[in-house]
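Below is one structure, written out as structure tokens; comments come after it.
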Amino acid sequence: MVIIRGKNYYPHDIEHNFSTARYSLENSACAVFSLLGVEDKLIIVQEMRRELRKKIEGDEIISITRQAVILNNEITPHDIVLSMPGKLLETSSCKVMRTALRTQYIDKELERQLG
Numbered sequence: 187m188v189i190i191r192g193k194n195y196y197p198h199d200i201e202h203n204f205s206t207a208r209y210s211l212e213n214s215a216c217a218v219f220s221l222l223g224v225e226d227k228l229i230i231v232q233e234m235r236r237e238l239r240k241k242i243e244g245d246e247i248i249s250i251t252r253q254a255v256i257l258n259n260e261i262t263p264h265d266i267v268l269s270m271p272g273k274l275l276e277t278s279s280c281k282v283m284r285t286a287l288r289t290q291y292i293d294k295e296l297e298r299q300l301g
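Residues in the sequence shown are numbered consecutively from 187, following the numbering used here.
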């Protein structure tokens, strides 16, 4: 569950909204989580497929992702991290490990391609 300004969101709902944006990120791993504090912050970690990196700049993917989340969820992401393929932590059943990614993000251990 992602909590922003006291409202609960399901991570997969937010992830679905930007995975179907202008440039398909559908087959790429992604994770959404929040950082709670004085101000709740939405963080998005998006794997950027190799073939997509050849077609579009990372800044444009970040912009498209940000716009899709704002439009569909009325939330402004605090940070969008683009990651190299295969770098997001997953379980043996290929589910993204959001809690572990949040810890990596907080500890500044999350490998960024851009963002």
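Glycine residues also receive a C-beta, built at the ideal position from the N, C-alpha and C atoms.
Since residue i sits in a beta bridge, which residues does DSSP pair it with?
i, result
"Asp-265", "Ile-229"
"Glu-276", "Val-282"
How far does the alpha helix (DSSP H) with residue i in it extend, from its first residue to its last?
i, result
"Lys-240", "236 to 241"
"Pro-285", "Reading off the sequence shown, one finds Thr at residue 285, where the question assumed Pro. Note, Thr-285: alpha helix (DSSP H), 284 to 292."
"Leu-257", "244 to 259"
The beta strand (DSSP E) spanning residue i covers which residue range?
i, result
"Tyr-195", "193 to 195"
"Ser-220", "216 to 221"
"Val-188", "188 to 190"
Write down the C-beta distance between residue i and residue j rounded to the nearest angstrom, noting that I regard them as a contact closer than 8 Å.
i, j, result
"His-264", "Lys-294", "At roughly 15 Å, the Cβ-Cβ gap does not stay under 8 Å, so His-264 and Lys-294 are not in contact."
"Arg-298", "Val-267", "5 Å"
"Ile-261", "Ile-190", "5 Å"
- Examine the Cβ distances between the region 263 to 283 and the region 227 to 239 and report whether three or more of them are shorter than 8 Å. yes
- Below 8 Å, can you find three or more Cβ-Cβ pairs linking the region 212 to 226 to the region 284 to 301? yes
- Message: Check whether the region 254 to 262 and the region 190 to 203 touch, using three or more Cβ-Cβ pairs below 8 Å as the test.
- Response: yes
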